[in-house]
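Please read the structure below before turning to the comments.
2 protein chains.
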Amino acid sequence: MRNIKLIIEYDGKGFNGWQKQPNKPNIQGEIENAIERITGEKVELYASGRTDAGVHAIAQTANFKTNSSIPIEKLCLAINSQLKKSIVVKEATEVDENFHCRYNCKGKKYRYIINNSINGSAIYRGLEYHMLAKLNVDKMREAAKFFVGVHDFKAFKSSGTSSKSSVREIYTAEVIEEGERIKIELTGSGFLYNMVRIISGTLVDVGLGKIKPEEIKDIIENKDRTKAGKTLPAHGLYLVEVYY
Amino acid sequence: MRNIKLIIEYDGKGFNGWQKQPNKPNIQGEIENAIERITGEKVELYASGRTDAGVHAIAQTANFKTNSSIPIEKLCLAINSQLKKSIVVKEATEVDENFHCRYNCKGKKYRYIINNSINGSAIYRGLEYHMLAKLNVDKMREAAKFFVGVHDFKAFKSSGTSSKSSVREIYTAEVIEEGERIKIELTGSGFLYNMVRIISGTLVDVGLGKIKPEEIKDIIENKDRTKAGKTLPAHGLYLVEVYY
């Protein structure tokens with residue numbers, strides 16, 4: 378059987394997340410149905426991981442097995458022709474039969490976008506989190522450094538996750554200011570349930586002066602979720618890249 | 378009376394353009410109604426100019442006269458509290474009683490965004506024009522230079538405009554490549570009806586090899602609309618700045 382890897386962009390609004398589930402709009406199900414319509418086969422998509430309800434992806438990855446002989450260069454357009462416009466397959470490549478988007482994943486990059494202006498944006502309102510109170514970006518940048526490295530991120534995950542260990546490695550943590558926008562970019566080996574949104578919420582508390590940058594160290598060490606910031610809303614979060 | 382100048386951002390989707398008109402959603406009417414609700418006065422907004430159905434604005438300007446004593450620093454939030462989320466007043470300033478957003482306008486900047494990739498974008502689909510065929514950006518850039526200067530732009534306007542003269546000055550014409558996006562940015566003294574969308578459509582024909590860059594000169598001189606490119610769709614166009 379052929380093993381096909383897809384790179385997928387989606388607007389998370391209107392979906393109850395990546396994962397297939399009955400009676401709720403989901404991205405996995407939409408793409409599996411689109412593939413079935415063009416190949417006649419029921420396939421299962423193996424993603425790099427789930428994304429939650431409302432979260433966007435610039436480059437989610439997922440693979441599937443197929444006996445279809447559709448030429449690889451025609452596959453994207455064929456699948457896209459069967460999809461809603463809020464999901465676009467950007468690239469399809471043929472990969473080794475043992476390749477698996479989740480098991481072979483070496484890391485991921487996420488971006489959280491905050492619009493830090495008094496009135497927010499009309500055009501990008503569904504694509505960023507509007508935060509009126511002025512944030513101190515220098516302090517946020519200083520705080521972000523403490524997340525880098527191998528840590529037990531128990532204080533930065535929501536309950537309901539099935540992961541055995543909450544130890545993860547964060548490779549880079551950047552806070553980028555672009556006009557009225559603040560972008561928090563994290564790359565790491567993997568991320569726990571809501572981890573990026575809780576780290577972003579904690580950096581917001583630093584930006585507001587509620588938490589000092591150097592306190593991040595203690596919050597990580599104490600492993601107490603209540604000491605970290607709140608979980609920011611889904612519509613500001615993007616899965617940007619998956620590394621193999 | 379006080380004279381207030383607003384800077385306004387809007388997502389053009391769902392509006393039949395800036396101008397007030399009965400029974401069709403329009404941006405001017407929405408803002409005038411919002412101002413009436415907070416001041417109790419019927420006001421008239423004088424914009425830098427109209428924008429067409431579906432066109433976006435990052436910074437449209439408009440002024441209005443009022444007897445209201447609402448402090449200027451509270452005006453934005455007050456108006457925005459009465460507006461749909463697709464319109465945001467970004468700034469309100471008190472200006473000289475004779476200032477008029479249209480008559481005092483010294484120039485404008487427009488941007489046209491083309492997504493030049495095979496599959497387009499899921500996230501930004503309503504905010505850019507998707508064009509599958511690969512465009513030659515170097516040729517487009519070369520062609521853009523011919524628009525700069527004082528010219529009769531009769532070949533680059535749609536009929537139905539009431540302007541007496543079709544002579545305008547274009548100050549700068551840039552073609553910027555950013556990943557899969559091509560941005561056409563024009564600044565000028567003023568623009569005729571559909572002028573930016575027709576110039577962009579003509580540059581697309583250059584990018585496709587249908588028109589040679591140096592032919593732009595003749596197309597301008599011949600003043601024949603049929604020799605220029607087609608009018609690109611509204612949803613890729615942004616009014617970026619108005620100069621005073």
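Top line first, the protein sequences correspond to chains F and X. Residue numbering for the first sequence follows my numbering, beginning at 378 and increasing consecutively. Residue numbering for the second sequence follows my numbering, beginning at 378 and increasing consecutively. Idealized CB from N, CA, C, for every residue including glycine. These numbers come from a predicted model, not from an experiment.
Per DSSP, residue i forms a beta bridge with which residues?
| i | result |
| --- | --- |
| D529 of chain F | F:V544 |
| Q437 of chain F | F:I385 |
| K442 of chain X | X:N380 |
| Y621 of chain X | Answer is none; Y621 of chain X lacks a bridge partner. |
| T549 of chain X | X:T564 |
| Y423 of chain F | F:N440 |
| Y506 of chain X | X:I491 |
| L460 of chain X | In the DSSP output, where bridge partners are listed per residue, L460 of chain X has none listed. |
| Y615 of chain F | F:H433, F:R488 |
I'd like the list of long-range same chain contacts for residue i, defined as Cβ closer than 6 Å, with 5 residues on each side in sequence excluded.
| i | result |
| --- | --- |
| S445 of chain X | T416 |
| I575 of chain X | F533, A605, T608 |
| E468 of chain F | I384 |
| K442 of chain X | M378, N380 |
| E323 of chain F | Only positions 378 to 621 of chain F appear in the structure, and residue 323 of chain F is not among them; the question remains open. |
| H528 of chain F | I597 |
| V432 of chain X | G389, A611, L614 |
| G567 of chain F | R545 |
| M517 of chain F | V552, L580, V583, G584 |
| S498 of chain F | N492 |
| T470 of chain X | K382 |
Between which two residues does the beta strand (DSSP E) holding residue i run?
| i | result |
| --- | --- |
| L563 of chain X | 558 to 565 |
| T428 of chain F | Note, T428 of chain F: premise wrong, no beta strand (DSSP E); not H, not E. |
| N492 of chain F | 484 to 492 |
| A520 of chain X | Where A520 of chain X is concerned, there is no enclosing beta strand (DSSP E), although the alpha helix (DSSP H) it sits in stretches over 514 to 521. |
| K467 of chain X | 464 to 472 |
Just reading off the alpha helix (DSSP H) that residue i is part of, what are its end residues?
| i | result |
| --- | --- |
| K451 of chain F | 449 to 457 |
| A411 of chain X | 404 to 416 |
| E592 of chain X | 592 to 599 |
| T579 of chain F | 572 to 584 |
Nearer than 7 Å: is that true of the beta carbon of residue i relative to any heavy atom of the ligand NAP?
| i | result |
| --- | --- |
| E474 of chain F | Here there are no bound small molecules, and the ligand NAP is not part of this structure. |
Whose C-beta lies closer than 8 Å to the C-beta of residue i among residues of the same chain, with five residues either side of it excluded?
| i | result |
| --- | --- |
| I596 of chain X | A532, T579, I588, K604, A605 |
| R414 of chain F | Q459 |
| R558 of chain X | I490, I491, N492, N493, E505 |
| K401 of chain F | N393 |
| A436 of chain X | I384, I385, E386, K467, L616, V617, E618, V619 |
| N481 of chain X | Y621 |
| D473 of chain X | N380 |
| Y423 of chain F | A439, N440, F441, H477, C478, R479 |
| I447 of chain F | I415, T416, A455 |
| K419 of chain X | E409, E413 |
Taking residue i as the query, report the chain A residues whose CB atoms sit under 9 Å from its CB, ordered along the chain.
| i | result |
| --- | --- |
| C453 of chain X | Although the question refers to chain A, the structure presented lacks it and instead comprises the protein chains F and X. |
Considering only residues of the same chain and omitting the five flanking positions on each side of residue i, which have a CB-CB separation below 7 Å?
| i | result |
| --- | --- |
| Q396 of chain X | N403, Q405, R427 |
| G565 of chain F | G484, K485, R545, E546, I547, Y548 |
| L509 of chain F | I495 |
| A411 of chain F | I456, Q459, L460 |
Determine, using beta-carbon pairs with one atom in the segment 451 to 466 of chain F and one in the segment 485 to 499 of chain F, whether at least three such pairs fall under 8 Å. no
Taking 8 Å as the threshold, find out whether the segment 611 to 618 of chain F comes into contact with the segment 422 to 435 of chain F through three or more Cβ pairs. yes
Flag this pair as touching only if the segment 399 to 411 of chain F and the segment 458 to 472 of chain F have three or more C-beta atom pairs under 8 Å; answer yes or no. yes
At least three beta-carbon pairs within less than 8 Å, the segment 535 to 545 of chain F to the segment 516 to 523 of chain F: no
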